[in-house]
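Asks: Sharing a structure here in structure tokens format.
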Amino acid sequence: MPNLQDLLARGYFPKELPPPFTTVSFASHVCTAPRVADFAKTIDQKPKSSKAGRYSLARGGLLRRPLSICNPVAYFLLCQEIVSSWTEISPFVVGTVISSTHPEEKATGRAVDGHFPQSARSEQARQKRLGKRYVLQTDVSRYYSSIYTHSIPWAMHSKATAKVNRSFSLVGNRLDALVRLGQDQQTIGIPIGPDTSLVIAEILMQRCDEHLASQFPSIQGFRFIDDFELSFMTQAEAERAHHELEACLSEYELAINPKKTSIRDLPIPLEAPWATQLKRAKPRKEKNTQAADLAHLFDLAFKLHRENPEDAVLQFAISLLQFETIHPENWSLFQKLLMLCSFPEPACFPGAIRQIVLRKNLGMANLIPEIAEITNALVVTHSPLRHSSEVANAVYACIALGMTLGDAAVDAVSRCDDPVVALLALDCESRNLTTKKVDKTLWKSHMKAAALYDEYWLLAYEANIRNWLPNNRGKDFVAADPNFSSLKAAGVHFYDTTINLPVAQAVTSPVTPQASNGDDGTAQLTVAVPPVEPAIPTDAAFSV
Numbered sequence: 005m006p007n008l009q010d011l012l013a014r015g016y017f018p019k020e021l022p023p024p025f026t027t028v029s030f031a032s033h034v035c036t037a038p039r040v041a042d043f044a045k046t047i048d049q050k051p052k053s054s055k056a057g058r059y060s061l062a063r064g065g066l067l068r069r070p071l072s073i074c075n076p077v078a079y080f081l082l083c084q085e086i087v088s089s090w091t092e093i094s095p096f097v098v099g100t101v102i103s104s105t106h107p108e109e110k111a112t113g114r115a116v117d118g119h120f121p122q123s124a125r126s127e128q129a130r131q132k133r134l135g136k137r138y139v140l141q142t143d144v145s146r147y148y149s150s151i152y153t154h155s156i157p158w159a160m161h162s163k164a165t166a167k168v169n170r171s172f173s174l175v176g177n178r179l180d181a182l183v184r185l186g187q188d189q190q191t192i193g194i195p196i197g198p199d200t201s202l203v204i205a206e207i208l209m210q211r212c213d214e215h216l217a218s219q220f221p222s223i224q225g226f227r228f229i230d231d232f233e234l235s236f237m238t239q240a241e242a243e244r245a246h247h248e249l250e251a252c253l254s255e256y257e258l259a260i261n262p263k264k265t266s267i268r269d270l271p272i273p274l275e276a277p278w279a280t281q282l283k284r285a286k287p288r289k290e291k292n293t294q295a296a297d298l299a300h301l302f303d304l305a306f307k308l309h310r311e312n313p314e315d316a317v318l319q320f321a322i323s324l325l326q327f328e329t330i331h332p333e334n335w336s337l338f339q340k341l342l343m344l345c346s347f348p349e350p351a352c353f354p355g356a357i358r359q360i361v362l363r364k365n366l367g368m369a370n371l372i373p374e375i376a377e378i379t380n381a382l383v384v385t386h387s388p389l390r391h392s393s394e395v396a397n398a399v400y401a402c403i404a405l406g407m408t409l410g411d412a413a414v415d416a417v418s419r420c421d422d423p424v425v426a427l428l429a430l431d432c433e434s435r436n437l438t439t440k441k442v443d444k445t446l447w448k449s450h451m452k453a454a455a456l457y458d459e460y461w462l463l464a465y466e467a468n469i470r471n472w473l474p475n476n477r478g479k480d481f482v483a484a485d486p487n488f489s490s491l492k493a494a495g496v497h498f499y500d501t502t503i504n505l506p507v508a509q510a511v512t513s514p515v516t517p518q519a520s521n522g523d524d525g526t527a528q529l530t531v532a533v534p535p536v537e538p539a540i541p542t543d544a545a546f547s548v
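Residues 5 to 548 in my numbering are what the sequence shown spells out, letter by letter.
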């Protein structure tokens, strides 16, 4: 059964946010008796609706994904409902013959995650394609964003029952209401980012799994969230499975993505060919050959990126180096190669900068000047577009590496109406890492009571408790709010100014010779947020 404190501490904010954003103190506070009962009103008492903050994540090329920063009141109530009703929910998410991502409580990382990691897709394909001749690959079009919240009780209790009984006696109706509570009562879409959404997503998808299994008793295949790969002896069976899945999805107001649907003759590659090539090109450990190996890896990555522009080739190449020993004489080259990816393809920057920060914390020095130049250029280029991940990670890089935001970047970031960016910029200024004062006019407009329940709640609360922005009309609206006042009084924060890379769990990693070594000669590194994970390079595309 999921643990409430874990869901709030490790399953709340999207993992893609920069490291200073944390919900640990919030979870600790509200889960200490008697605050569990006191923090938020119960669903029967009609708590105030709220909007989630938005974080625009670069996925590569022109693709983006909107992540949600849920309001703490709404998210707390949803987590509380899932935990207290787990006995009723668990039969719908326990797993099926083809589900690979049915939710499980995890001791580290996310509080709730899929049974298999995305990296297991190749092994699943190896097992499930045996003895078959055709494979159906498909996924749901914009799955999380298109889920109809009323379909949650349909999946749990049947559409006929849910349409007759709309009361909170049905757990599906309670989940529906609480999801809507956190998105201004909208019925289309569920948040992308929190662990609770995996639970809700599996409730729907496992009903589709069960329908397919009833139509094909010996079905072979696997599903990662909304991404299906099903194997068959004949093309006719594969075509029928496609139609059956399409019909089942339509019952829940969902649709297949035609651009990612195909029936293919086996055998086909178990993973994307470019991923295999990059894995083979990982640099050797020897100091004398490392520079040439690094150059070769990135030359190959640049070539494969040009050939596969819609895939996360460069992000994957960077991720291959996250635990590699980088010798001091190759440190400058390493930084340059990472930065060569980061401005043309900004989705690479988070993973690149976290590797640099991680190694700098372990003793590597002498940052190349191009990092500061690229960081400032990213802020200037992407602030007007409100591209959260590019701007936020660039400002975070200044904080983590002690770099300065120049005049043009300060002017640009001041006009970026994004809560995550605003808090990072305010922190940056407080550390004297800006060449001039940040113009706070835009952000000051959110320092009011209504903002605690709209998409700017994170900025309104955090800037208030840190005195980074003045209260509108001088009134302490946080102290006056029945929910947020207790958080402020207890010193709860959602942004930790002491965090560079969070210290939470031990990870053994050979990073640099200068790092303090453990008994086995490898550097002992403690991080809770590893370098950003790349898209999974499988032969079938993955999307949520």
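Glycine included, each C-beta is placed from N, C-alpha and C at the ideal position.
From what residue to what residue does the alpha helix (DSSP H) around residue 30 run?
Replies: Per DSSP, residue 30 belongs to the alpha helix (DSSP H) from 28-34.
Asks: Nearest by alpha-carbon distance to residue 493: which of 504, 499, 478, 469 is it?
Replies: Here the closest residue by C-alpha is 469.
Asks: What residue range does the beta strand (DSSP E) around residue 233 cover?
Replies: Element bounds for residue 233: 231-236.
Asks: So, do the stretch 317-325 and the stretch 366-374 have three or more beta carbon pairs nearer to each other than 8 Å?
Replies: Touching, no, given that fewer than three Cβ pairs across the two stretches are closer than 8 Å.
Asks: If you draw a straight line from the alpha carbon of residue 194 to that of residue 296, how long is it in whole angstroms?
Replies: Approximately 47 Å between the Cα atoms of the pair.
Asks: As a quick exercise: from 67, 10, 427, pick the residue whose alpha carbon is nearest that of residue 501.
Replies: Here the closest residue by C-alpha is 427.
Asks: Would a C-beta distance cut-off of 9 Å place residue 220 and residue 243 closer than the cut-off?
Replies: Contact: no.
Asks: Which residue's Cα is closest to the Cα of residue 359: 343, 349, 374?
Replies: Nearest C-alpha to residue 359: 343.
Asks: Can you tell me the Cβ-Cβ gap for residue 287 and residue 294, rounded? I've got them flagged as a contact below 8 Å.
Replies: With 8 Å as the limit, residue 287 and residue 294 qualify as a contact, their Cβ atoms being about 5 Å apart.
Asks: How would you call residue 236, buried or exposed, if buried means at least 16 neighbouring beta carbons within 10 angstroms?
Replies: It is buried - the Cβ of residue 236 has at least 16 other Cβ atoms within 10 Å.
Asks: Can you grab the Cα-Cα spacing for the pair residue 115 / residue 484, in whole Å?
Replies: Rounded to whole angstroms, residue 115 to residue 484 spans 32 Å at the Cα level.
Asks: With residue 93 as the anchor, note down where its alpha helix (DSSP H) starts and where it stops.
Replies: Note, residue 93: alpha helix (DSSP H), 90-93.
Asks: State the Cα-Cα distance for the pair residue 330 and residue 398, rounded to the nearest angstrom.
Replies: If you take the alpha carbons of residue 330 and residue 398, they lie about 23 Å apart.
Asks: Could you spell out where the alpha helix (DSSP H) holding residue 142 opens and where it closes?
Replies: It is not in any alpha helix (DSSP H) - residue 142 instead sits in the beta strand (DSSP E) that spans 138-143.
Asks: With DSSP as the reference, please indicate the residues paired to residue 61 in a beta bridge.
Replies: DSSP lists 69 as partners of residue 61.
Asks: If you reduce the DSSP assignment to three classes, tell me which class residue 357 lands in.
Replies: In this structure, residue 357 counts as helix in the three-state DSSP scheme.
Asks: Between residue 309 and residue 318, which are expected to be in contact by the criterion C-beta below 8 Å, what is the C-beta distance as a whole number of angstroms?
Replies: That pair is a contact at about 5 Å.
Asks: Run the CB neighbour count on residue 1, radius 10 Å, all protein chains shown included, and call it buried at 16 or more, exposed below.
Replies: Only positions 5 to 548 of the chain appear in this structure, which leaves residue 1 out of reach.
Asks: From which residue to which residue does the beta strand (DSSP E) around residue 302 run?
Replies: Element bounds for residue 302: not the beta strand (DSSP E) but the alpha helix (DSSP H), 291-311.
Asks: Does the stretch 349-358 come within contact of the stretch 395-413, defined as at least 3 CB pairs closer than 8 Å?
Replies: The stretch 349-358 is in contact with the stretch 395-413.
Asks: Verify whether the separation of the beta carbon atoms of residue 373 and residue 199 is less than 9 Å.
Replies: Cβ atoms of residue 373 and residue 199: not closer than 9 Å.
Asks: Could you give the distance in angstroms between the alpha-carbon of residue 27 and the alpha-carbon of residue 406?
Replies: Answer to the nearest angstrom: the Cα atoms are 25 Å apart.
Asks: Which residues in the same chain as residue 581 place their Cβ atom closer than 6 Å to its Cβ, once the five residues preceding and following it in sequence are excluded?
Replies: This structure cannot settle anything about residue 581, because the visible part of the chain is limited to 5 through 548.
Asks: Below 8 Å, how does it come out for the stretch 55-73 and the stretch 18-37: are there three or more Cβ pairs, yes or no?
Replies: In short, these stretches touch, since the Cβ pair count reaches three.
Asks: DSSP three-state call for residue 16: helix, strand or coil?
Replies: Looking at residue 16 - three-state DSSP - the assignment turns out to be coil, as it is neither helix nor strand.
Asks: Going by DSSP, which residues form a beta bridge with residue 438?
Replies: DSSP output for residue 438 lists 409 as bridge partner(s).
Asks: Using the Cα positions of residue 211 and residue 12, report the straight-line distance between them to the nearest angstrom.
Replies: One C-alpha to the other measures close to 27 Å.
Asks: Run the CB neighbour count on residue 577, radius 10 Å, all protein chains shown included, and call it buried at 16 or more, exposed below.
Replies: Absent from the model: residue 577. The displayed extent of the chain is 5 to 548, so no value can be given.
Asks: Sort 158, 336, 453 by Cα distance to residue 487 and report the nearest one.
Replies: Ranking the options by Cα distance to residue 487, first place goes to 453.
Asks: How many Å lie between residue 9 and residue 447 at the Cα?
Replies: Roughly 31 Å separates the two Cα atoms.
Asks: Taking just the CA atoms, how far does residue 264 sit from residue 249?
Replies: So the alpha carbons of these two residues sit roughly 14 Å apart.
Asks: For the pair the stretch 413-420 and the stretch 437-447, tell me if three or more CB-CB distances fall below 8 Å.
Replies: Yes, the stretch 413-420 touches the stretch 437-447.
Asks: DSSP state of residue 256, grouped into three classes?
Replies: Looking at residue 256 - three-state DSSP - the assignment turns out to be coil, as it is neither helix nor strand.
Asks: Rounded to whole angstroms, how far is the Cβ of residue 44 from the Cβ of residue 51, which I believe are closer than 8 Å?
Replies: Indeed they touch by this definition, with Cβ atoms about 6 Å apart.
Asks: Alpha carbon to alpha carbon, how far is residue 270 from residue 155? Give it in angstroms, no decimals.
Replies: Cα-Cα distance, rounded: 36 Å.
Asks: Look at the alpha carbon of residue 181 and the alpha carbon of residue 189, and state the distance between them as a whole number of angstroms.
Replies: Each residue's alpha carbon lies about 8 Å from the other.
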